[in-house]
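Reviewing the structure listed below.
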Amino acid sequence: MPANAPLRAPVAGGNPPWMNWLTMFLLVANTANPFFYESIEMLGISFIILLGCWFLKREEDTRLNGYFWIYIIVLTILQASQTLVYDVFPIKTFLGEYLRILFAVLAIRILGREFFDQFVRFVYVFAVISLFFYVPCVLIKPLAHFLIDHVAKYTQCPFHRAATGELYEAPYNMIIFNLGQITFNRNSGFYWEPGTHGGFLCLALFINLFHRKEKLTSKFNLIFIITILTTLSTTTYLALFFVIVAYLKDFIVRRPVISLFTLIFVGTIGFLAFTRLDFLSSKIDQQIAKSGSRKTGESRFSSFFADLRSLEEHPFIGTGRNVEMRFGKNFYNADLRELHRNNGIGILLSTYGIFFFLFFFYLNWRSFYRLLGSHANAWSMLILVGIIAFSEDYFFKAFFISLALYCGVTMVTSAQPAVIRSRKMQLGKNTLKYE
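Quick note on the numbering used here: the sequence shown kicks off at 4 and runs consecutively.
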């Protein structure tokens, strides 16, 4: 069956398709869908559902390894240090974080080797769904308002995070499609905003190109690119350009003259688009102009610089995830726009310090190398994650925790022992290789 078939039958002994789809849906939903991700209650309900899937799973073909346990030990030490330094023990925050870790690891262990293939298929299906809603809503202006008034009001999450007030409410969300920025002709898809939609699309495009080995012009990739263009997201466009250059790097090396003229042409088109389209040059200029604003939610740069200032105070242990740790006991008197952070790189740095930042990205690199089998491609995927994370708080969400901890789960086949001590084991003339 072709590699790009969206509903492949599972291999013998594998999970039924519904289990894989449900697992990936819950993982991505609790990462980026407004109905799920802001509610610890929805995360708990989803975790119970995943536990049910785990008990229904046919084979025990995964094992936790040392990377996972090192991650847990490092995180526990950091949280204990923060508790001592800040004299705050936010048990709900800590439990929520460990629940997300367990949720991410459980999803990996259910999906096993199908994890990234299922992710690509999931993003593809919801990209098609987003276009199904996006195109009519752009062409027929009253349609969006009708859906908001008569559909979205019935699909609101029953649980809310009280501390955020109206900042994270999503009155335009229909679960399978978010109408939040449709009035600006932007496609948010299944996710909390267009930039997040674009981030998942770029990841899926990269994995489809370098792991599934599909051509840039395949059906899946064309849908990814077309949908990316509908997000009108500055960061996503930059990420798309990076993915295409990474994909064409071998062609560029083999045909330098043709590539030079092509790059000049593409660069000219890109420069004209950058200077003429408001959501590119003007938006970046506005973001830079607000880099010193106290209302950090208004600019990715001001958010990043605010996080760097927090990092200066505690560069090794960070400020933690708890709002009282980060902003002091009088945080409730501050403007929510001053508390909001939207730069994922800065948030990761300030939360747990520089050493955890490097450790977390190292685990991501290990996961990407294991997936792609190439140092260069693993570095490229790591850079891509850094690009999309500059504009979104990704790294403490379930799916992105799973990217870091994918290397912490060993895939075991029936021909392999349950305990794996080395990468190779000689058995006579045969060599068994382990992931």
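We put the beta carbon where it would ideally sit given N, CA and C, even for glycine.
Check: Mapping DSSP to helix, strand and coil, what is methionine 27?
Finding: Taking the sequence shown and counting its residues from 1, the one referred to as residue 27 is at position 24. Of the three classes helix, strand and coil, the one that applies to methionine 27 here is helix, per DSSP.
Next item on the list: Measure the alpha-carbon distance for lysine 60 versus isoleucine 113 and round it to whole angstroms.
Entry: On the sequence shown, residue 60 is found 57 positions in, with the first residue counted as 1. On the sequence shown, residue 113 is found 110 positions in, with the first residue counted as 1. Cα-Cα distance, rounded: 7 Å.
Notebook entry, point to check: Near serine 294, which residues of its chain fall below 7 Å by C-beta distance, leaving aside the five closest residues on each side in sequence?
Noted result: Within the sequence shown, the letter at position 291 stands for residue 294. Residue placement at serine 294 cannot be trusted, given a pLDDT of 49 that sits under 50; what the coordinates show is reported in the next sentence. Short of 7 Å from the beta carbon of serine 294, and not among the five residues preceding or following it, lie these beta carbons of its own chain, in chain order: Ser302, Phe304, Ser305 and Phe308.
Note to self: Could you tell me the alpha carbon to alpha carbon distance between phenylalanine 92 and isoleucine 75, rounded to whole angstroms?
What the structure shows: Position 89 of the sequence shown, counted from the start, is the residue given in the question as residue 92. Position 72 of the sequence shown, counted from the start, is the residue given in the question as residue 75. If I take the Cα positions, the gap works out to 18 Å.
Next item on the list: List the endpoints of the continuous beta strand (DSSP E) containing leucine 67.
Entry: Taking the sequence shown and counting its residues from 1, the one referred to as residue 67 is at position 64. Note, leucine 67: beta strand (DSSP E), 65-67.
Next item on the list: May I have the straight-line CA-CA distance separating leucine 206 from leucine 406, to the nearest angstrom?
Entry: One-based indexing of the sequence shown puts residue 206 at position 203. One-based indexing of the sequence shown puts residue 406 at position 403. Approximately 11 Å, taken between the alpha carbons.
Next item on the list: Given a cut-off of 7 Å, decide if tyrosine 250 and leucine 212 are closer than it, judged by their beta-carbon atoms.
Entry: As a working note, residue 212 is residue 209 in the sequence shown. As a working note, residue 250 is residue 247 in the sequence shown. Taking 7 Å as the Cβ cut-off, leucine 212 and tyrosine 250 qualify as a contacting pair.
Item checked: Within 7 Å, strictly: CB atoms of glutamine 204 and threonine 230 -> Locating residue 204 in the sequence shown gives position 201, counting from the first residue. Locating residue 230 in the sequence shown gives position 227, counting from the first residue. Residue 204 is actually leucine in this sequence, not glutamine. Closer than 7 Å, so yes.
Notebook entry, point to check: Grouping DSSP H, G and I as helix and E and B as strand, with all else coil, what is methionine 414?
Noted result: Counting from 1 along the sequence shown, the entry for residue 414 is found at position 411. Here methionine 414 sits in strand by DSSP.
Checklist line | Cα-Cα separation, leucine 105 to isoleucine 94 | finding: What you label residue 105 is simply residue 102 of the sequence shown in a count that begins at 1. What you label residue 94 is simply residue 91 of the sequence shown in a count that begins at 1. Cα to Cα, the separation comes out at about 16 Å.
Next item on the list: My understanding is that threonine 96 touches asparagine 325, with C-beta atoms under 8 Å, so please give their C-beta distance in whole angstroms.
Entry: Counting from one through the sequence shown, the residue named residue 96 turns up at place 93. Counting from one through the sequence shown, the residue named residue 325 turns up at place 322. Between asparagine 325 and threonine 96 the Cβ distance is about 4 Å, and since that is below 8 Å, they are a contact.
Next item on the list: State the Cα-Cα distance for the pair aspartate 288 and threonine 237, rounded to the nearest angstrom.
Entry: As a working note, residue 288 is residue 285 in the sequence shown. As a working note, residue 237 is residue 234 in the sequence shown. Per-residue confidence for aspartate 288 stands at a pLDDT of 48, beneath the threshold of 50, marking its modelled position as unreliable; the derived number appears in the next sentence. Rounded to the nearest angstrom, the gap between the Cα atoms of aspartate 288 and threonine 237 is 12 Å.
Check: For tryptophan 195, which option in Phe364, Gly356, Asn36 and Leu134 has the closest C-alpha, if you only look at C-alpha atoms?
Finding: Working through the sequence shown from its first residue, we reach residue 195 at position 192. Selected option, being the one with the closest Cα: Asn36.
Checklist line | Three-way DSSP call (helix, strand, coil) for asparagine 181 in this model | finding: The residue given as residue 181 occupies position 178 in the sequence shown. If DSSP states are grouped into helix, strand and coil, asparagine 181 belongs with the strands.
Next item on the list: Could you tell me which uninterrupted alpha helix (DSSP H) segments, each at least 4 residues in length, are contained entirely in the stretch 363-401, listed from first to last along the chain?
Entry: 378-392
Notebook entry, point to check: Roughly how many whole angstroms lie between the Cα atoms of glycine 349 and methionine 27?
Noted result: Here residue 349 corresponds to residue number 346 of the sequence shown, with the count starting at 1. Here residue 27 corresponds to residue number 24 of the sequence shown, with the count starting at 1. Each residue's alpha carbon lies about 27 Å from the other.
Check: Does DSSP classify asparagine 176 as helix, strand or coil?
Finding: Walking along the sequence shown from the start, residue 176 turns up at place 173. Of the three classes helix, strand and coil, the one that applies to asparagine 176 here is strand, per DSSP.
Notebook entry, point to check: For proline 37, which of helix, strand or coil comes out of DSSP?
Noted result: To locate residue 37, count along the sequence shown from 1; it is residue 34. Three-state DSSP puts proline 37 in coil, outside helix and strand.
Notebook entry, point to check: Helix, strand or coil: how does DSSP classify tyrosine 127 here?
Noted result: Taking the sequence shown and counting its residues from 1, one reaches residue 127 at position 124. Helix, per DSSP.
Next item on the list: For the stretch 173-186 and the stretch 130-140, state whether three or more C-beta atom pairs, one from each stretch, are separated by less than 8 Å.
Entry: yes
Note to self: I'd like the ranges of any alpha helix (DSSP H) spanning at least 4 consecutive residues and lying wholly in the stretch 187-254.
What the structure shows: Taking only runs of at least 4 residues, the alpha helix (DSSP H) segments lying wholly in the stretch 187-254 are 197-213, 222-234 and 237-250.
Next item on the list: Write down the C-beta distance between tryptophan 368 and leucine 385 rounded to the nearest angstrom, noting that I regard them as a contact closer than 8 Å.
Entry: Here residue 368 is taken as the residue at index 365 of the sequence shown, counted from 1. Here residue 385 is taken as the residue at index 382 of the sequence shown, counted from 1. About 5 Å; that satisfies the 8 Å criterion.
Checklist line | lysine 60 (DSSP reduced to helix, strand or coil) | finding: Taking the sequence shown and counting its residues from 1, the one referred to as residue 60 is at position 57. Lysine 60 falls in the coil class under three-state DSSP.
Note to self: Is it buried or exposed, isoleucine 73, if we count other Cβ atoms within 10 angstroms and call 16 or more buried?
What the structure shows: Here residue 73 refers to the residue found at position 70 of the sequence shown. Isoleucine 73 is exposed by the Cβ-count criterion.
Check: Who are the Cβ neighbours of arginine 329 in its own chain at under 6 Å, not counting the five residues just before and after it?
Finding: Position 326 of the sequence shown holds residue 329. Correct list, in chain order: Thr322.
Check: Rounded C-beta distance between isoleucine 404 and alanine 107? I'm assuming under 8 Å.
Finding: The residue labelled residue 404 in the question sits at position 401 within the sequence shown. The residue labelled residue 107 in the question sits at position 104 within the sequence shown. Confirmed, Cβ separation roughly 4 Å.
Check: For the alpha helix (DSSP H) that contains isoleucine 151, what are its first and last residues?
Finding: Working through the sequence shown from its first residue, we reach residue 151 at position 148. Looking at the DSSP string, the run of the alpha helix (DSSP H) that includes isoleucine 151 is 144-153.
Notebook entry, point to check: With 16 as the cutoff for other CB atoms within 10 Å, does aspartate 376 come out buried or exposed?
Noted result: Against the sequence shown, residue 376 aligns to sequence position 373. What sits at residue 376 in the sequence shown is glycine, not aspartate. So glycine 376 ends up on the exposed side.
Checklist line | Among Arg66, Ile320 and Phe122, the one whose alpha carbon lies nearest that of leucine 30 | finding: Residue numbering aside, residue 30 sits at position 27 when the sequence shown is read from its first letter. Residue Phe122 is the option with its Cα nearest to leucine 30.
Margin query: With distance defined between alpha-carbon atoms, name the residue in Arg66, Tyr372, Leu387 and Glu315 nearest to serine 355.
Written below: Working through the sequence shown from its first residue, we reach residue 355 at position 352. In the sequence as displayed, the identity of residue 355 is tyrosine instead of serine. Checked all of Arg66, Tyr372, Leu387 and Glu315; the closest Cα to tyrosine 355 is Glu315.
Margin query: Just to confirm my understanding: we take alanine 173, look at its own chain, exclude 5 residues before and 5 after, and list those with CB closer than 6 Å. What are they?
Written below: Here residue 173 refers to the residue found at position 170 when the sequence shown is read from its first residue. Answer for alanine 173: Pro37, listed in chain order.
Item checked: valine 91 - DSSP class collapsed to helix/strand/coil -> Translated into positions along the sequence shown, residue 91 becomes position 88. If DSSP states are grouped into helix, strand and coil, valine 91 belongs with coil.
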